[in-house]
Amino acid sequence: MALSGASIVDAKILTLANSMALDVFYIQDVNGHAYDGGERIERLKRRIGDAAMGRLHPGRELRAQVARTTSSRTRMFRVPPRVIFDNRASAGHTVIEVNGRDRPGFLYDVTSTLTALGVQIVSAHISTYGERVVDVFYVKDVFGLKIDQPQKLERLEKQLFDAILPPEERSADAPANDDAEAAE
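Going left to right, the sequence shown walks through residues 7 to 190 as my numbering numbers them.
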């Protein structure tokens, strides 16, 4: 969506019992206005379809777009990144909350990281408050269980923390969240 100039301000993402995903996104343009207009919507639909069919490589293209479009004004806002785990909030899921500075590709980087680490996203609640993103994920491991092993939580925290940092602040050994890496 970010590649088409859309910014996600809210979203509800659910995985149904039959493994189908139901995703509802509330979007606006990068200037905070309604994302309207026939051609813009059509371009957005095409890009989503291309990504779903593997004809578009969002990771690489997003990194290039972020480098070109992230303004120095936006970089002035310091939003401390946070990753919080809660295994008591839900009987059957680990709850992960990630906070950081909004930027194109933020949600993509988080979900790519979770997927690459074998985490199943059952439900996601995405919110944007000005420059701050607050995303909450209800997740399970590959066996459908809560993630409660300390070493797995530590690895998840490190990888997610690197994913939510702005690209210019990431550690040198952080994965690039490229499409090829997410497929491994």
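The beta-carbon is built from N, C-alpha and C at its ideal position, and this holds for glycine as well.
Between residue 145 and residue 120, the gap from beta carbon to beta carbon is short of 8 Å. Under the three-state reduction of DSSP output, residue 157 falls in the helix class. The DSSP assignment places complete alpha helix (DSSP H) segments of no fewer than 4 residues inside the stretch 101-133 at 112-122, in order along the chain. Buried is the label assigned to residue 7, since at least 16 other Cβ atoms lie within 10 Å of its Cβ. Assignment of beta-bridge partners to residue 13 by DSSP yields 34. The bridge partners DSSP lists for residue 19 are 29, 130. Relative to residue 24, the option among 140, 160, 128 whose CA is nearest is 128.
Assignment of beta-bridge partners to residue 89 by DSSP yields 104. Put simply, the backbone Cα of residue 176 is about 22 Å away from that of residue 13. By a beta-carbon distance limit of 8 Å, residue 169 contacts residue 116. Their separation comes to about 6 Å. Looking from the CA of residue 11, the closest CA among 114, 110, 171, 52 belongs to 110. Sixteen is the threshold: since fewer than 16 other Cβ atoms of the shown chains lie within 10 Å of the Cβ of residue 155, the residue is exposed.
Restricting attention to 35, 56, 106, the CA atom closest to the CA of residue 84 is found in 106. Considering only 87, 30, 46, 42, the residue with the shortest C-alpha distance to residue 172 is 87. Bridge partners of residue 138 according to DSSP: 107, 135.
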